[in-house]
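A.B. asks: This is the structure, below, for whatever I ask next.
Protein chains in written order, with the working numbering: chain A, 11 to 398; chain B, 17 to 240.
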């Protein structure tokens, strides 16, 4: 009985190809909207998360927001890895904006004052020369490690170890150039220059340490490191509002909630178009039932029961919506492939969303098919036969 | 075969009570070829609808094949139509998008007969109607007489107890009408029970027995 009903429904869809296609179009567009938008959002989320994770899930950054107490000193920070097993590296940081000059070329760049451990925490690699070393810190040396882009901006080339440049009028010897880190969301070190923390303190009148980053021994020890640093700072400041600790997982979590909201919002908007597609199906099915009143009458006269007629029309709308859903899914795949090629990123369609889309389109077919099918099934045979 | 006792069908239109059938009684035996003759508005369509289980009577008793048809649900009536009755309509009532073969198969499909058997039996029925060359033609590609033959094949294919023909020659030219009537006589000769409804005395004469219906009441007409 089911097979026959499927056959009849299929024959009826084929017998009016143009109308069937136009009916499907609503579902096709709706499914495409849902699948493509959600896939783009989730692919973007994944790549952002990947980048954030590559920054190191085991680093913490601490900011001291009070100035009421004796500030932390550079050696306080330097001692942290020795005092606590959970902490591998710690480096004070201060970020300033300064004017760089070399010859006649000048540019504004971010200047980061820090210590040798900074390279280990942030996995920095050098294209040439060396990073800061502890004697540089101890002697307030006027040496600088220059980001790839900053070097190019200033000198027009990157092989600049041994050259000098001026930072806010003070002359620095370039000891190293950072390797090209590529573009990342968190901003790269490409356009910054790095100088010893102590030198930066003098130049920018920074007393003590107000922010520093540290790396845990392993990603499992991040929580322990966070607990350790919290207890140190509590001991020192006695006020939990005096400092704030950020770790990567907090950033990841807030990122997650943003993208989840975005996915839901886009999915919702796309869902509305699916709903409109469903109403389109219902509309066409109702017209089709009215048009085929006579056919229904004939079928009933020669022995089709209510269930038969109901099934025939329900399966018809189910098939229209499912075929529409599958076509929409196929076109989404094509569209994502084109977008990936065009944007140079890879947008992947998740199996979950594909399955959900197909199930959803089937559900739409059934939900919006029930009313017309029921109308057809309940039609009294005599009246249906009389219809012209 | 068919027994109707005091069958009434009442319509109420704006407070007025209209008897489309007014205590009509009749009885038709197995293998008979009966014509029910009456002018339009006489209640013959209502009588046919009740006889064909497309409708139920408001009063009276109707036995089909010894089975009383009363207070049946839509689904029960459907089953009776499917298994016991073969309809032949004035305007053929074939499904326009299906081929002759598919049209004839349909009642068997609804009976749940296996597909291969459906095919074979439908083909046989069409061959019997002399349409073996027209199996894959759609109704629009057939002449009126051929369409009516397809409709008769569809009515016969389930081997129903009763073939109910409502003005089967009404839409056909005279010559084709005569041919179709010959076909009915032939079927009657093979032992089928046929009830033919018509307003045309000429057509009715071909039947073995005639019942006249007027103002909702049925009377036997003396054999000519």
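Ideal Cβ placement from N, Cα and C applies to all residues, glycine included. All of these numbers come straight from a predicted model, not from anything done at the bench.
Among 230/B, 209/B, 231/B, 234/B, which one has its Cα closest to the Cα of residue 102/B?
C.D. replies: As a working note, residue 102/B is residue 86 in the second chain. Among 230/B, 209/B, 231/B, 234/B, the Cα nearest to that of residue 102/B is on 209/B.
A.B. asks: Which one or two residues does DSSP pair with residue 206/A in a beta bridge?
C.D. replies: Along the first chain, read from residue 1 onward, the residue named residue 206/A stands at position 196. Answer is 124/A.
A.B. asks: When DSSP labels each residue in this structure, what does residue 129/B get in the three-state scheme?
C.D. replies: For the purposes of this step, residue 129/B is identified with residue 113 of the second chain, where counting begins at 1. Correct three-state label for residue 129/B: coil.
A.B. asks: Given residue 73/A, which residues of its chain have a CB within under 6 Å of its CB, disregarding the five upstream and five downstream residues?
C.D. replies: As a position in the first chain, residue 73/A is number 63, starting the count at 1. Result list for residue 73/A: 221, 254, in chain order.
A.B. asks: Considering only C-alpha positions, which residue in the set 18/B, 32/B, 51/B, 83/B is nearest to residue 218/B?
C.D. replies: In the second chain, the residue the question calls residue 218/B occupies position 202. It is 51/B whose Cα lies nearest to the Cα of residue 218/B.
A.B. asks: What does the alpha-carbon distance come out to for the pair residue 261/A and residue 232/A?
C.D. replies: As a position in the first chain, residue 261/A is number 251, starting the count at 1. As a position in the first chain, residue 232/A is number 222, starting the count at 1. One C-alpha to the other measures close to 14 Å.
A.B. asks: I want to verify the contact list: residues of chain A whose CB lies under 9 Å from the CB of residue 91/B, in sequence order.
C.D. replies: For the purposes of this step, residue 91/B is identified with residue 75 of the second chain, where counting begins at 1. Those within 9 Å of residue 91/B in chain A are 315, 316, 317.
A.B. asks: Taking 7 Å as the cut-off, is the C-beta of residue 342/A nearer than that to any heavy atom in the ligand NAD?
C.D. replies: The model depicted lacks the ligand NAD and carries no ligand whatsoever.
A.B. asks: Which same chain residues end up closer than 6 Å to residue 161/A when comparing Cβ atoms and leaving out the 5 residues on each side of it in sequence?
C.D. replies: Your numbering for residue 161/A matches position 151 in the first chain. Within the same chain, residue 161/A has close Cβ partners 168, 170, 187.
A.B. asks: Just checking, does the region 43–57 of chain A make contact with the region 339–354 of chain A on the three C-beta pairs under 8 Å criterion?
C.D. replies: Yes, the region 43–57 of chain A touches the region 339–354 of chain A.
A.B. asks: Could you tell me which residues DSSP puts in a beta bridge with residue 102/B?
C.D. replies: Mapped onto the second chain, residue 102/B falls at position 86. Residue 102/B is bridged to 179/B.
A.B. asks: In chain order, what residues of the same chain lie with their CB nearer than 7 Å to the CB of residue 160/B, ignoring the 5 residues before and after it?
C.D. replies: On the second chain, residue 160/B is found 144 positions in, with the first residue counted as 1. Result list for residue 160/B: 187, 188, 192, in chain order.
A.B. asks: Hey, how far is the Cα of residue 59/B from the Cα of residue 322/A?
C.D. replies: Stepping through the second chain from its first residue, residue 59/B is reached at position 43. Stepping through the first chain from its first residue, residue 322/A is reached at position 312. Between residue 59/B and residue 322/A, the C-alpha separation is close to 34 Å.
A.B. asks: Is the separation between the beta-carbon of residue 100/B and that of residue 177/B shorter than 8 Å?
C.D. replies: Residue numbering aside, residue 100/B sits at position 84 when the second chain is read from its first letter. Residue numbering aside, residue 177/B sits at position 161 when the second chain is read from its first letter. A contact, by the Cβ cut-off of 8 Å.
A.B. asks: For the region 95–102 of chain A against the region 235–252 of chain A, do three or more pairs of beta-carbon atoms, one drawn from each stretch, fall closer than 8 Å, so that the two count as touching?
C.D. replies: Yes, they touch.
A.B. asks: Return the bridge partner residues of residue 20/B from the DSSP annotation.
C.D. replies: Sequence index remark: in the second chain, residue 20/B carries index 4 (1-based). Looking at the DSSP assignment, residue 20/B forms a beta bridge with 42/B, 78/B.
A.B. asks: Which residue or residues does DSSP assign as beta-bridge partners of residue 327/A?
C.D. replies: Here residue 327/A is taken as the residue at index 317 of the first chain, counted from 1. In the DSSP output, where bridge partners are listed per residue, residue 327/A has none listed.
A.B. asks: At 8 Å on the CB atoms, spell out the chain A contacts of residue 11/B, in chain order.
C.D. replies: Residue 11/B lies beyond the range of chain B shown here (17 to 240); nothing can be said about it.
A.B. asks: Compile a chain-ordered list of the residues in the region 377–391 of chain A whose CB is closer than 7 Å to at least one CB of chain B.
C.D. replies: Listed by position, the residues of the region 377–391 of chain A near chain B (Cβ gap below 7 Å) are 391.
A.B. asks: Would you identify the three-state DSSP class for residue 226/B, choosing helix, strand or coil?
C.D. replies: Taking the first residue of the second chain as position 1, residue 226/B is located at position 210. Three-state result, residue 226/B: strand.
A.B. asks: Out of 24/B, 40/B, 41/B, which has the shortest C-alpha to C-alpha gap to residue 33/B?
C.D. replies: The sequence position of residue 33/B within the second chain is 17, counting from 1. Measuring from the Cα of residue 33/B, the nearest candidate turns out to be 24/B.
A.B. asks: For the region 28–43 of chain A, which residues have a CB atom closer than 7 Å to at least one CB atom of chain B, in sequence order?
C.D. replies: Listed in sequence order: no entries.
A.B. asks: According to DSSP, is residue 257/A helix, strand or coil?
C.D. replies: As a position in the first chain, residue 257/A is number 247, starting the count at 1. The answer is strand: DSSP assigns residue 257/A an E or B state.
A.B. asks: With DSSP collapsed to three states, give me the class of residue 55/B.
C.D. replies: One-based indexing of the second chain puts residue 55/B at position 39. In this structure, residue 55/B counts as coil in the three-state DSSP scheme.
A.B. asks: Tell me the DSSP secondary structure of residue 355/A in three-state form.
C.D. replies: On the first chain, position 345 is the one that residue 355/A refers to. Note: residue 355/A maps to coil in three-state DSSP.
A.B. asks: Spell out a yes or no on whether the region 242–253 of chain A and the region 313–328 of chain A are touching, meaning 3 or more CB-CB pairs, one atom from each, closer than 8 Å.
C.D. replies: No, because fewer than three Cβ pairs between the region 242–253 of chain A and the region 313–328 of chain A fall closer than 8 Å, the two stretches do not touch.
A.B. asks: Tell me whether residue 392/A sits in a helix, a strand or coil according to DSSP, three-state version.
C.D. replies: For this step, residue 392/A is matched to residue 382 along the first chain. Correct three-state label for residue 392/A: helix.
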